[in-house]
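Okay, structure first, notes after.
There are 2 protein chains.
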Amino acid sequence: MPWVMKEPKSLFLTEDSLGIVTDLYQLTMAAGYFEQKMHDIATFELFVRNLPKNRSYLIVAGLEQVLHYLTHITFSPEIVQFLRRLPIFNHVGQEFFEYLKNFTFRGDVYAIPEGTIAFADEPMLRVTAPIIETQLVETYLLSMINFQTSIATKASRIVYAAQGCEVIDFGTRRAHGPQASVLAARSCFIGGCKGTSNVFAACELNIPAVGTVAHSWVMAFENEQDSFRKFHEIFPDNTTLLIDTYDTLAGARHAVMIGKKLKGVRIDSGNLLELSKEVRRILDSEGLQHVKIVASGDLNEDRIDDLLRNGAPIDSFGVGTEMVTSKDAPALGGVYKLVEQEHNGKIVPRMKFSEDKLTYPCKKQVYRIIDKADNFVKDVIGLEDENLQGMPLLIPVIKNGKICYNLPTVHEIQRITSNNLAHLPQPFKRLKEAETYPVTKSQGLEAKRHEAEKTLKDINVI
Amino acid sequence: MPWVMKEPKSLFLTEDSLGIVTDLYQLTMAAGYFEQKMHDIATFELFVRNLPKNRSYLIVAGLEQVLHYLTHITFSPEIVQFLRRLPIFNHVGQEFFEYLKNFTFRGDVYAIPEGTIAFADEPMLRVTAPIIETQLVETYLLSMINFQTSIATKASRIVYAAQGCEVIDFGTRRAHGPQASVLAARSCFIGGCKGTSNVFAACELNIPAVGTVAHSWVMAFENEQDSFRKFHEIFPDNTTLLIDTYDTLAGARHAVMIGKKLKGVRIDSGNLLELSKEVRRILDSEGLQHVKIVASGDLNEDRIDDLLRNGAPIDSFGVGTEMVTSKDAPALGGVYKLVEQEHNGKIVPRMKFSEDKLTYPCKKQVYRIIDKADNFVKDVIGLEDENLQGMPLLIPVIKNGKICYNLPTVHEIQRITSNNLAHLPQPFKRLKEAETYPVTKSQGLEAKRHEAEKTLKDINVI
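Protein chains in written order, with the numbering used here: chain L, 1 to 462; chain X, 463 to 924.
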């Protein structure tokens, strides 16, 4: 028998396999609904129960990839074959698998547009379709919205701390794998970053690709001066030098030898406050006031805030790990819950009341009340058809499975973020001890909830 | 002008674009080396400077995807065109872009096999190739090894806490996007999980797909009893019911109506210790001693340890967020450093000594010293050619750009993990306050370091 080498797998997602990028139970429940001939129109809403630690708002992100998914999800014949052979489906008839072969998402989706500020309990997505369709798409929607929203929110905090200094995403090597780095780069840009080091993301999203030079470049030459000179020869208009490989102040003195064409220096280690001040003095003493100081190395919003409050003369922050993993709050607990169901021609409100995990029934809308200066005053979560005062945040994005929404570019989304943040009063966006933004539930919604809770408790809690 | 809808982007990685899934500076440095005609053979090593919070060892993971990358990285003509147009490359000649069009990785790679235990400072990968090739691949290698190693390590801690009860990965919805969920499922299995809810991962890796049912199933029927009965009709051999939608104890009483064929019940909220005990009593009182209790809901190694120490009668743990994001330590700080370079026929040791970020020069090997019972005693990081006592951990995996290593399956890797952990003495794997495993540097390596440090300081620190 010849010795056959196993080929390494990429584990890349492909459009062909989108149907199974989900939890198994979505497929068993789908089979269950199918076998029970339950094709009721159901509505699910995606929301966050509690804001993560240190967060006072969310920047919604991830909708574009959700729309890609919902308009591309299919089950290839090979994948249907794979599912059919799983022992758990032993008692499920062939018709279900035929159904999967022809599966497309044909429902309606409402969403809060990317870049918009949202708060706990506010539905960011509302999906209405035959119950199998709404169920099957849960996992992917949650994964995408949870992650991108989490990173856009973190990035917005870091950008806020930087007080107008530019923030660049340097996080690719610390993101949760190479694809997460691309989604993170997108979300960081939405949150206000000026660019990314991730070339794939820059290419796909048409955003600035940014970079300086690594220690290895400096180490690869006989001495630091040589490495600086040679870099400048090749990148005369983009000479930002990394000066901390051996000794930061010596590095700064080597960098100034480049002269007027020097664009920037980067410091990646040590006491950034002290070093940036001393490096600034060295640059200025040579008449290089225009040379920018870039700082990097385990930065986050608190460290940046601290540096700038203490007068660190830093112009640009390269932020990695902390931003692309949202390190202090690395998961957003978004959930996706059944809120109502059309059963035998009747609309039935649905809710659960597991301990600490109660959900509100019925299709909802979020109404944002603003003052004359367009500043945000409060949000009311009400029923979809209540027509309350305020701007409705959920808008239609998919109708009968087709996109009915003009997708903004990430540049436009970045402007939406910036505009939203400009109208969120300062007490609600302080980095620490921010006030809680007022979000209430409408009387109509509370009434529906009490009614549904009573009915369901009478039936189910014996 | 007709109104054209922008198509939503998936942002999926593809083999065609692997060349640019990297930081921009890798490409500018590559251009720099090329323009300087610097084609020295360089060696880089990938290692972790400090173990993350609460970690006393690492389970190496991610090598298979690294090997896929290194044997598939190319630059398509479209991508070369994109790069050529970036302003930063204005002064770079056409030859470099022709070079990229023909780029393949042709170097040698040594690696610590997946599933092996490693510690801080130990090279997990060693890459030797012309310097451009070693440089270009840095970011992807770091991203893949950092993430998978981080998750495999976290999973191994959770499995250890579960004391033989099974642990299942339920984390897809909270991973950092859908691709991260697949890589996480792989790493969780390597770390000792019995299965995953992620169907794509199960299909690709041939590992068990596991799942129960969600609250939405229960909510979609008129009452809980109905939902249980109907699930059992379709999945008679796999009836594990979720009992906490309305009231856990009422749910348990509804579940026992299924009778002897009931396989399990899942509790996803509330006080798991008290509820599991009461649910066990309800099951046992109906003669359903064989019915398993599955617990889920924000579990981690500490909560599982606490539950089991207090006698919670739980058989299986579904773990999500905490495991797939390694929530208490969501980033592994792996770095990739130039350690030596062949320049004009001479081997030159390379190192940096940035504050707190000193690196050791020269090609290294990790020697693991074991006792007669195969238990791990200590590791020595030495020079590649020192031939020290102990088992060398780094083995050749790529030679001249071709894989020279018989890739194990994830099942085999899981056994390697389990075998490694069995031989790591208990004080080094306690969940809290574990002892620090002894890792020393060889005299030969220390001598090389002193020599290189002196030479480089004389040249660079003025």
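Beta carbons: idealized from backbone N, C-alpha and C, even for Gly.
Item                                                                                                                                    : Value
Same chain only: Cβ atoms within 6 angstroms of His39 (chain L), ignoring 5 sequence neighbours per side                                : Pro130
Local conformation of Tyr798 (chain X) per DSSP, three classes                                                                          : strand
Exposure of Met391 (chain L), with buried meaning 16 or more beta-carbon neighbours within 10 Å                                         : exposed
Proximity winner among X:Tyr561, X:Lys616, X:Ala717, relative to Glu595 (chain X) (alpha-carbon distances)                              : X:Tyr561
The segment 93-109 of chain L touching the segment 394-403 of chain L, judged by at least three CB pairs closer than 8 angstroms        : yes
Positions along the segment 578-606 of chain X whose CB lies within less than 7 angstroms of some CB in chain L                         : Ile593, Gln597, Thr601, Tyr602, Leu604, Ser605, Met606
N-terminal and C-terminal residue of the alpha helix (DSSP H) that Leu273 (chain L) is part of                                          : 272-285
Which of helix, strand or coil DSSP assigns to Arg830 (chain X)                                                                         : strand
Backbone CA spacing between Asp746 (chain X) and His752 (chain X) [nearest angstrom]                                                    : 9 angstroms
Where Gly345 (chain L) falls, given that 16 or more other Cβ within 10 Å makes a residue buried                                         : exposed
Residue-level contact to chain X via CB, Leu206 (chain L), 8 angstroms cutoff                                                           : Position check: residue 206 (chain L) holds Asn in this sequence, whereas Leu was assumed. Not an interface residue.
Contact between the segment 538-558 of chain X and the segment 633-641 of chain X (3+ Cβ pairs under 8 angstroms)                       : no
Neighbour flag for Ala331 (chain L) against chain X, beta carbons, 8 angstroms                                                          : yes
Near the ligand GTP: Glu133 (chain L) beta-carbon under 7 angstroms from a heavy atom                                                   : Looking for the ligand GTP in the displayed structure turns up nothing, as the structure carries no ligands at all.
Reference Asp709 (chain X), options L:Asn460, L:Leu24, L:Tyr33, L:Glu15, closest by Cα                                                  : L:Asn460
Rounded straight-line distance, which links the Cα of Tyr25 (chain L) to that of Gly32 (chain L)                                        : 10 angstroms
Beta carbon proximity, His694 (chain X) to chain L, threshold 8 angstroms                                                               : no
Pairwise C-alpha distance: Arg55 (chain L) and Gly78 (chain L)                                                                          : At residue 78 (chain L) the sequence reads Glu, which differs from the Gly that was named. Taking the straight line from one Cα to the other gives about 44 angstroms.
Residue-level contact to chain X via CB, Tyr536 (chain L), 8 angstroms cutoff                                                           : Lying before the first or after the last residue shown, residue 536 (chain L) is absent from chain L, which here runs from 1 to 462.
Lys292 (chain L), DSSP secondary structure in three states                                                                              : strand
Beta-carbon proximity of Ile427 (chain X) to Met586 (chain X), cut-off 8 angstroms                                                      : With chain X covering only 463 through 924, there is no way to say anything about residue 427 (chain X).
Chain X contacts from the segment 168-191 of chain L (Cβ-Cβ distance under 8 angstroms)                                                 : Phe170, Thr172, Arg173, Arg174, Ala175, His176, Gly177, Pro178, Gln179, Ala180, Ser181, Val182, Leu183, Ala184, Arg186
Val528 (chain X) versus X:Lys515, X:Thr505, X:Thr601, residue with shortest Cα-Cα distance                                              : X:Thr601
Limits of the alpha helix (DSSP H) - the one that Thr71 (chain L) falls within                                                          : 63-72
8 angstroms Cβ cut-off: residues of chain L touching Met491 (chain X)                                                                   : Val213, Ala214, Ser216, Trp217
Contacts that Lys327 (chain L) makes with chain X (C-beta to C-beta distance below 7 angstroms)                                         : Pro792, Ala793
Distance between Thr578 (chain X) and Ile521 (chain X) (C-alpha atoms, nearest Å)                                                       : 6 angstroms
Option nearest Lys894 (chain X) by Cα separation, candidates X:Ala623, X:Glu469, X:Glu915, X:Val718                                     : X:Ala623
Asp379 (chain L): first and last residue of the uninterrupted beta strand (DSSP E) it sits in                                           : 376-383
Validate contact between the segment 311-326 of chain L and the segment 292-301 of chain L using beta carbons, cut 8 angstroms, 3 pairs : yes
Test: Tyr708 (chain X) CB closer than 8 angstroms to a CB of chain A                                                                    : The structure shown contains no chain A; the protein chains it does contain are L and X.
Residue interval of the beta strand (DSSP E) (run including Pro514 (chain X))                                                           : It is not in any beta strand (DSSP E) - Pro514 (chain X) carries neither H nor E in the DSSP assignment.
Rounded Cβ spacing between Ser472 (chain X) and Gly654 (chain X) (contact assumed at less than 8 angstroms)                             : So it is not a contact: roughly 32 angstroms between Cβ atoms.
For Asn512 (chain X) and Gly795 (chain X), believed in contact at Cβ under 8 angstroms, the rounded distance                            : 7 angstroms
Chain L contact residues for Asn608 (chain X), given Cβ-Cβ distances below 7 angstroms                                                  : Arg173, Arg174
Best match in L:Leu358, L:Ala255, L:Ala42 for proximity to Lys457 (chain L) [C-alpha to C-alpha]                                        : L:Leu358
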